[in-house]
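Per the working numbering, the sequence shown starts with residue 2, numbered consecutively.
For glycine and all other residues, C-beta sits at the position ideal for the given N, C-alpha and C.
Below is one structure, written out as structure tokens, with a few remarks after it.
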Amino acid sequence: RTKERRDAETARHKVTIAIIPASEDIDVRSVCNRLSSALNTLGKTLHISPDSDICDLPGSKTGSAKSLHGPRLGRLLAEMEERCRWLVYEGEPPYKNQVTDWTRRCVRQA
């Protein structure tokens, strides 16, 4: 196949996945790392954890994914989704039996 055809297929078949641990006993980072590694053999893959520095775009300030909010975070995540075939969001375990804002965002994005 030609590179253009592969790129067109990748653009059509983008997948976003949220991995949400049911409890703190789950090593969600390890699960996400292994999944991302496996998916990377099929196409460009990005793993975004709550502490990922996602502001490495031109003109952006450094900041973890979890520390950003609102439209700016939404724009950055949308840009990342466009740049890769597979995007794996790492959710957080419940805090005091409550779902965190970051985990809610992961579910919305996926």
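Residue i to residue j span [Cα, whole Å]
i, j, result
"residue 48", "residue 104", "14 angstroms"
"residue 50", "residue 101", "13 angstroms"
"residue 33", "residue 79", "19 angstroms"
"residue 41", "residue 73", "27 angstroms"
"residue 85", "residue 25", "29 angstroms"
"residue 16", "residue 39", "14 angstroms"
"residue 92", "residue 52", "11 angstroms"
"residue 43", "residue 106", "26 angstroms"
Sequence-distant residues of the same chain with beta carbon closer than 7 angstroms to residue i, five excluded per side
i, result
"residue 151", "There is no way to answer for residue 151, as the model of the chain reaches only from 2 to 111."
Residue i: first and last residue of the uninterrupted beta strand (DSSP E) it sits in
i, result
"residue 19", "16-20"
"residue 100", "Premise fails: residue 100 is in no beta strand (DSSP E) and is neither H nor E."
"residue 88", "87-91"
With 16 other Cβ atoms within 10 Å as the buried cut-off, status of residue i
i, result
"residue 59", "Reliability fails at residue 59, whose pLDDT of 44 lies under 50, so the model's placement of it is uncertain and the value that follows must be treated cautiously. Exposed, by the Cβ-count rule."
"residue 108", "exposed"
"residue 20", "buried"
"residue 61", "Because the pLDDT at residue 61 is just 49, under 50, the model does not fix this residue reliably, and the value given afterwards should be weighed accordingly. Classification for residue 61: exposed."
Same chain only: Cβ atoms within 6 angstroms of residue i, ignoring 5 sequence neighbours per side
i, result
"residue 22", "29 and 94"
8 angstroms CB neighbourhood of residue i in its chain, flanking five on each side removed
i, result
"residue 81", "47, 49, 55 and 88"
"residue 18", "36, 87, 88, 89, 90 and 111"
Nearest candidate by alpha-carbon position, reference residue i, set the options
i, options, result
"residue 110", "96, 43, 53 and 76", "76"
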